[in-house]
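Engineer: In our numbering, the protein residues as written are 52 to 696.
Mind having a look at this structure? Questions to follow.
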């Protein structure tokens, strides 16, 4: 069960297309099989336990003008990480408990199951009202099967928002006169892997003497290298495992910082000052300005000793009262609350009572839309946060009324226009949930006039298609963040024309997710057969993917390159790529040990790693809807969601 849990919650980034899953791994590798296989395959010439791999890197927007690199581990690296956590789980907890600053560190193994009762009845009923009851029930069953939200239990807070809203944090704001907010500049990308050894063993000198061997310090250093192209500068970004490993290093930095503050300035933690650290964000409180500046100086010195630096451009020194909240979000919340009241209408009905119409008018939605744009104009640096917050809450504001088609049209266009202002995987998934809710609502409504009902369905579906397609055409440069939107559009009767899909392939000929998204879209739903009307797209896809595969230098050990591996493996299971199976088999044979017994074990290992596609070709539209609903539920428990229907 434990490898199953680690592989589901610790090794993949949260920002992934819903169609990507490592389900083939966690259904194959059970308790200690990984450890046993690595032991049997271990040799001086070929150690799978220490074999380095190259992750598949991709980028997501960060703010308005920057990007963050995320990484998907090679499947072999996912097993290496799983084994590391299995072997050193207690030691990891012990190392992280050394910090008196951290408010998000592992404190024990997670033995608390997800309490399904915590998903309140009203929330569950709300989801059932929004979406098909069957899919909500199926998603809830999947959630119960998962059991745990993470491998470790964490102290205090799951998110910065939860920390800031906590009574303890708010008491600090009233207790101290000064506060200082600091973050580490490009923290994960700046971590030097050898610094794990320095921190754990106590000094650079001792650490340098133990750069080999089988100690925890050396293995911590090594696991971060081998999962990232044997790089010593920087660790991969995106998965929970990297956050746990960063916590080990930062806990030792906290320990040294606290000691030096006491030694140099004779001030005491939680008396003269308090520090809350959430991952790489520090919130420092002190009674006087001199102390808080001295604390910053010590922290900077200690960070420098580990090749890390304070991001000076984001340092925020304040005198009470302190302001940490984003004013734009507070304004948006007020706007939303006012809109909720404004959009409730009453219409006369037979009898004494009036019928409540909770959809608003065209003017309501136009005014709402323009006011949100005004907030974005006033707070341009918060554009992404505003759009993503809006898209998360607007689902509760939308409703469908077959007699109010003009309002529905205005509503869909307003929501689409706001989404168009900031597109990433998170905002895309929120937008999809809104469109899915409307799609299901229009298919559930049954007016007396069935012919009129069918006309309404056609009109609303057409509106959904036109708005989704408009965003894709307007933001072609952001297509890699909208692959789930294209997958969602597969449920609509109107289809994207073949010429435009070919254009997408021509413009995005280096992107694994785009290849796969188009490949899935042109399949007949629930089958592995290409829709005949998309034969030209299929030919273009075959040409593009083949060109990509043959562009790699075959002299390099490509089997351990995650991008090459995922493209080759996944398309070897797709119609028209029969030659990829032969290439994959050849790559595996080239990497098998010479020893006969080890060759058998290694072949079995690679057979399991390549047993199925990591991009879920067979995921039909019903299962995709279920994955969307699961993600809504999983966010309730802050679970690192992967679709894995």
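Each residue gets a CB set at the ideal place from its N, CA and C atoms; glycine is no exception.
The structure displayed is predicted, hence computed values, not measured ones.
DSSP on residue 207, reduced to helix/strand/coil?
Structural biologist: Three-state result, residue 207: coil.
Engineer: Over what stretch of residues does the beta strand (DSSP E) that includes residue 370 continue unbroken?
Structural biologist: Looking at the DSSP string, the run of the beta strand (DSSP E) that includes residue 370 is 367–370.
Engineer: How many angstroms separate the CA atom of residue 99 from the CA atom of residue 147?
Structural biologist: Roughly 28 Å separates the two Cα atoms.
Engineer: Taking the alpha-carbon positions, what's the residue 307 to residue 284 distance?
Structural biologist: Their backbone Cα atoms lie some 22 Å apart in a straight line.
Engineer: Run the CB neighbour count on residue 80, radius 10 Å, all protein chains shown included, and call it buried at 16 or more, exposed below.
Structural biologist: Burial call: buried.
Engineer: Have a look at residue 528 and residue 555 and give me their C-alpha separation to the nearest angstrom.
Structural biologist: Rounded to the nearest angstrom, the two C-alpha atoms are 10 Å apart.
Engineer: Are three or more beta carbon pairs between the region 466–476 and the region 108–125 nearer than 8 Å?
Structural biologist: Taking 8 Å as the limit for Cβ pairs, the verdict is that the region 108–125 does touch the region 466–476.
Engineer: Could you spell out the range, first to last residue, of the alpha helix (DSSP H) harbouring residue 651?
Structural biologist: Element bounds for residue 651: 647–660.
Engineer: Among 649, 650, 222, which one has its Cα closest to the Cα of residue 371?
Structural biologist: Residue 222 is the option with its Cα nearest to residue 371.
Engineer: Please tell me whether residue 151 and residue 320 are closer than 8 Å, where the distance is taken between their beta carbons.
Structural biologist: A contact, by the Cβ cut-off of 8 Å.
Engineer: Can you tell me which residues form a DSSP beta bridge with residue 710?
Structural biologist: Since the first residue of the chain shown is 52 and the last is 696, residue 710 is not available in this structure.
Engineer: Suppose only complete runs of 4+ residues qualify. What are the alpha helix (DSSP H) ranges in the region 439–476, listed by chain order?
Structural biologist: Here the runs fully enclosed are 456–470.
Engineer: Grouping DSSP H, G and I as helix and E and B as strand, with all else coil, what is residue 644?
Structural biologist: Correct three-state label for residue 644: coil.
Engineer: Helix or strand or just coil, what does DSSP make of residue 243?
Structural biologist: Three-state result, residue 243: strand.
Engineer: From the DSSP output, in three-state form, read off residue 325 for me.
Structural biologist: Three-state result, residue 325: strand.
Engineer: When the Cα atoms are used, what is the spatial distance from residue 361 to residue 347?
Structural biologist: Taking the straight line joining both Cα atoms gives about 9 Å.
Engineer: Are there three or more Cβ pairs, one per stretch, closer than 8 Å when the region 273–290 is compared with the region 120–138?
Structural biologist: Result yes; three or more Cβ-Cβ pairs closer than 8 Å.
Engineer: Verify whether the separation of the beta carbon atoms of residue 516 and residue 543 is less than 8 Å.
Structural biologist: Taking 8 Å as the Cβ cut-off, residue 516 and residue 543 qualify as a contacting pair.
Engineer: Helix, strand or coil: which one does DSSP assign to residue 110?
Structural biologist: Correct three-state label for residue 110: strand.
Engineer: Please classify residue 30: does DSSP put it in a helix, a strand, or coil?
Structural biologist: The question about residue 30 has no answer, for the chain in this structure spans 52 to 696.
Engineer: Measure the Cβ-Cβ separation of residue 156 and residue 205 and say whether it is below 8 Å.
Structural biologist: In contact: residue 156 and residue 205 (Cβ atoms closer than 8 Å).
Engineer: Which first and last residues belong to the alpha helix (DSSP H) in which residue 377 is found?
Structural biologist: Where residue 377 is concerned, there is no enclosing alpha helix (DSSP H), given that its DSSP letter is neither H nor E.
Engineer: Report buried or exposed for residue 118, applying the criterion of at least 16 other Cβ atoms within 10 angstroms of its Cβ.
Structural biologist: Residue 118 comes out exposed.
Engineer: Which stretch, first to last residue, makes up the beta strand (DSSP E) that contains residue 334?
Structural biologist: Note, residue 334: beta strand (DSSP E), 332–337.
Engineer: By Cβ distance below 6 Å, which residues in the same chain neighbour residue 59 in space, the five residues on each side in sequence not counted?
Structural biologist: Excluding positions up to five away in sequence, the list reads 77.
Engineer: When DSSP builds the beta bridges, which residues end up paired with residue 340?
Structural biologist: Answer is none; residue 340 lacks a bridge partner.
Engineer: Do residue 131 and residue 257 have their C-beta atoms closer together than 8 Å?
Structural biologist: Taking 8 Å as the Cβ cut-off, residue 131 and residue 257 do not qualify as a contacting pair.
Engineer: State yes or no: is the C-beta of residue 107 within less than 8 Å of the C-beta of residue 532?
Structural biologist: Taking 8 Å as the Cβ cut-off, residue 107 and residue 532 do not qualify as a contacting pair.
Engineer: List the endpoints of the continuous beta strand (DSSP E) containing residue 160.
Structural biologist: Taken as a continuous stretch (DSSP letters only), the beta strand (DSSP E) holding residue 160 covers 157–160.
Engineer: Rank 566, 570, 451, 577 by C-alpha distance to the C-alpha of residue 615 and give the top, closest one.
Structural biologist: It is 566 whose Cα lies nearest to the Cα of residue 615.
Engineer: Between which two residues does the alpha helix (DSSP H) carrying residue 304 extend?
Structural biologist: Per DSSP, residue 304 belongs to the alpha helix (DSSP H) from 291–316.
Engineer: Under the three-state reduction of DSSP, which class applies to residue 320: helix, strand or coil?
Structural biologist: If DSSP states are grouped into helix, strand and coil, residue 320 belongs with the strands.
Engineer: In angstroms with no decimal places, state the Cα-to-Cα distance between residue 495 and residue 507.
Structural biologist: Distance between the alpha carbons of residue 495 and residue 507 is about 12 Å.
Engineer: Within this structure, are the beta carbons of residue 579 and residue 668 separated by less than 8 Å?
Structural biologist: Yes.
Engineer: Going by C-alpha distance, which of 286, 447, 233 is nearest residue 369?
Structural biologist: Per the Cα distances, 233.
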